[in-house]
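Chemist:
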Amino acid sequence: MALAAGSTTRLWTLVAREFWRKTRRRLRAGPIYRWRYSGRTPERVLIAPPDLKLADPQIALEIYYGRYPLSGHMVETGGKSPFQINVPNRGWQKSLHGFRWLRHMRAAGTELAAANARALVSDWIVMHGNQISGVAWEPGTTAKRVIAWLQHSSVVLQGAEFPFYRAFLKSLAMQIRYLRSMAREMPDGKDRLRARIALAFSTLSLPAPASALRAATRNLAEELDHQILPDGGHISRNPMTVLELLADLLPLRQTYANQAEAPPPALINAIDRMLPALRFFRHQDGSLARFNGMGATIHDRIATILRHDDTVGAPLLHAPHSGYERLSMGGVTVIADTGLPPPVDISNAAHAGCLAFELSSGRQHFIVNAGIDTYGAAEFRPLARATAAHSTATVNDTSSARFSHSLRVSDLLGSPLIGGPQHAPCKRIDQKGVQGFVARHDGYAARFGLLHERELKLAENGNVLT
Numbered sequence: 000m001a002l003a004a005g006s007t008t009r010l011w012t013l014v015a016r017e018f019w020r021k022t023r024r025r026l027r028a029g030p031i032y033r034w035r036y037s038g039r040t041p042e043r044v045l046i047a048p049p050d051l052k053l054a055d056p057q058i059a060l061e062i063y064y065g066r067y068p069l070s071g072h073m074v075e076t077g078g079k080s081p082f083q084i085n086v087p088n089r090g091w092q093k094s095l096h097g098f099r100w101l102r103h104m105r106a107a108g109t110e111l112a113a114a115n116a117r118a119l120v121s122d123w124i125v126m127h128g129n130q131i132s133g134v135a136w137e138p139g140t141t142a143k144r145v146i147a148w149l150q151h152s153s154v155v156l157q158g159a160e161f162p163f164y165r166a167f168l169k170s171l172a173m174q175i176r177y178l179r180s181m182a183r184e185m186p187d188g189k190d191r192l193r194a195r196i197a198l199a200f201s202t203l204s205l206p207a208p209a210s211a212l213r214a215a216t217r218n219l220a221e222e223l224d225h226q227i228l229p230d231g232g233h234i235s236r237n238p239m240t241v242l243e244l245l246a247d248l249l250p251l252r253q254t255y256a257n258q259a260e261a262p263p264p265a266l267i268n269a270i271d272r273m274l275p276a277l278r279f280f281r282h283q284d285g286s287l288a289r290f291n292g293m294g295a296t297i298h299d300r301i302a303t304i305l306r307h308d309d310t311v312g313a314p315l316l317h318a319p320h321s322g323y324e325r326l327s328m329g330g331v332t333v334i335a336d337t338g339l340p341p342p343v344d345i346s347n348a349a350h351a352g353c354l355a356f357e358l359s360s361g362r363q364h365f366i367v368n369a370g371i372d373t374y375g376a377a378e379f380r381p382l383a384r385a386t387a388a389h390s391t392a393t394v395n396d397t398s399s400a401r402f403s404h405s406l407r408v409s410d411l412l413g414s415p416l417i418g419g420p421q422h423a424p425c426k427r428i429d430q431k432g433v434q435g436f437v438a439r440h441d442g443y444a445a446r447f448g449l450l451h452e453r454e455l456k457l458a459e460n461g462n463v464l465t
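Quick note on numbering: numbering that gives the first Met the number 0 labels position 63 of the sequence shown as 62, and the sequence is numbered without any gaps.
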């Protein structure tokens, strides 16, 4: 009972903190602060950073004909601008306003695609550029849009007349000033780190004083040191987050080099840790283990990122800071969750899957977790996060951690994981011809008086798992 009370107290403390944070963000987006986002308009884009995300020219053609396949949902606009229609799917809206789909126009490489990209950006500026509200101006979405506009500025500005050129740069500068103001008010997690990445991109890609570059670099380094663990995992414990962040950090490193600027050591060190961590979570068929927010894998996305991994050797077997173990022998791979839940304020995607594991041999998967359907209905996500959706012990149809489903909480924090295991000791076993671990957790101790212990050993060249 004391444990539950403590979790509840922490939860409502976070609710109060997030309420106050959102209030401050609302004030910063209001008319009192809006004057702070006006200022000088840059004369030009100095450099368009590279984009490592997969691009498909066929999607550019679909968009031209008014069909927008974003976030797993196809929306047909019927000849209208997508920014004029009301689509109830929040994920689709965030993807639309994030503009990451501009990469498909770049891949098409035609004047038609460039003209369409320019028309859509112009629509956004007219309809949302001066109205700081809604999904379009959420800081996380704004960070994605700033990165996308910079990365694909050469396509958007191809053949542009001077009025649009100035309007584009004016809007981009306003968004950057807004994001700089909002970054400090953002909650912990990948969106805040992406905001710092976007601000670093902006100081490299647009004319900016040296002091602005130093400040952006310093803030980026501090956020990387906070969010990227010593073994390369992310504080959310989500393998997908490692992949997504690398897709932004690698181009940022290249942009520093292209501008003859020294990247911060924190950026170099983070990438050097994250690439092996990504390979740690990877089965031999190229898919990532389904833990803590991970779902189906697009293999080419991972392959594109791992081309930048110079180490090439065997993946790590031990990720103690992230809370995972890997056994690998003779083509057989076991990946296990042996860690505590992430902090409550970044646990929206976390699962109650302590001591769950996945087993694969070559390209075949034999034991897996359910994983999250990234673009599926939100009401099914709690089922995929429950202990029963994982290859681990479930007691009395009860998960080893609790999820908050309060409407008052979800409006501010989503559905955080609370009241999970408090202790999860793990001992690695590495002997001649044997890899394994012994781990346990106390997620059921308070309610049932039980500890769950699991010992796994892989031996005989991967032919025996005990």
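Where is the CB? At the ideal position from N, CA and C, for every residue including glycine.
Put LEU435 into one of helix, strand or coil per three-state DSSP.
Modeler: Note that residue 435 is Gly in the sequence shown, not Leu. Looking at GLY435 - three-state DSSP - the assignment turns out to be strand.
Chemist: Report the residue from LYS143, ALA112 and GLN174 whose alpha carbon sits nearest the alpha carbon of GLN130.
Modeler: Nearest option by C-alpha distance: GLN174.
Chemist: Please return the same chain residues whose Cβ sits closer than 6 Å to the Cβ of LEU2, not counting the five positions on each side in sequence.
Modeler: Residue placement at LEU2 cannot be trusted, given a pLDDT of 44 that sits under 50; what the coordinates show is reported in the next sentence. Within the same chain, LEU2 has close Cβ partners ALA445.
Chemist: Going along the chain, which residues of its own chain have a beta-carbon closer than 7 Å to the beta-carbon of ARG380, five neighbours each way excluded?
Modeler: Counting only Cβ-Cβ distances below 7 Å, and skipping sequence neighbours, we find ILE371.
Chemist: Find out if the Cβ-Cβ distance for the pair VAL241, LEU219 is shorter than 8 Å.
Modeler: Not a contact, by the Cβ cut-off of 8 Å.
Chemist: What is the rounded straight-line gap between the Cα of GLU452 and the Cα of ALA351?
Modeler: Cα to Cα, the separation comes out at about 15 Å.
Chemist: Going by DSSP, what residue range makes up the alpha helix (DSSP H) through LEU101?
Modeler: First-last of the alpha helix (DSSP H) with LEU101: 101-107.
Chemist: Using a Cβ-Cβ cutoff of less than 7 Å, which residues in the same chain neighbour PRO41 once the five nearest sequence positions on both sides are dropped?
Modeler: The residues are LEU168, ALA172, LEU205 and PRO206.
Chemist: Buried or exposed, going by whether 16 or more other CB atoms sit within 10 Å of the CB of ASN395?
Modeler: Per the 10 Å Cβ criterion, exposed.
Chemist: Among the residues of its own chain, which have a CB less than 6 Å from the CB of THR141, if the five just before and after it don't count?
Modeler: If we look at THR141 and ignore the five residues flanking it on each side, its Cβ neighbours are GLN174 and LEU178.
Chemist: To which residues of the same chain is GLU324 closer than 6 Å at the C-beta, ignoring the five residues directly before and after it?
Modeler: Excluding sequence neighbours, GLU324 sits near ALA335, THR337 and PHE436.
Chemist: THR397 to HIS404, Cα distance in whole Å?
Modeler: Roughly 15 Å between the two C-alpha positions.
Chemist: Where does VAL394 sit, in a helix, a strand or coil, going by DSSP?
Modeler: VAL394: strand per DSSP, three-state reduction.
Chemist: Along the chain, where does the alpha helix (DSSP H) that runs through HIS96 open and close?
Modeler: Residues 89-97.
Chemist: Check whether chain B comes within 8 Å of SER360, counting only Cβ atoms and requiring the distance to be less than that.
Modeler: Absent from the structure is chain B; it holds one protein chain and no more.
Chemist: Since LEU53 contacts ASP299 with CB under 8 Å, what's their CB separation in whole angstroms?
Modeler: 6 Å between Cβ atoms; contact.
Chemist: Report the option in PRO48, GLN421 and ALA349 whose CA atom is closest to the CA atom of SER235.
Modeler: When only C-alpha atoms are compared, the closest one is ALA349.
Chemist: Going by DSSP, what residue range makes up the beta strand (DSSP E) through SER235?
Modeler: First-last for SER235: undefined, no H or E at that position.
Chemist: Report yes or no: do three or more beta-carbon pairs, one from the segment 288-304 and one from the segment 43-61, lie closer than 8 Å?
Modeler: Output reads yes: the segment 43-61 touches the segment 288-304.
Chemist: Taking the beta carbon of GLY128 as the centre, do at least 16 other beta carbons fall within 10 Å, making it buried, or is it exposed?
Modeler: Buried, by the Cβ-count rule.
Chemist: If we call anything under 8 Å between Cβ atoms a contact, is MET328 one with GLY292?
Modeler: In this structure, GLY292 does not lie closer than 8 Å to MET328 by Cβ.
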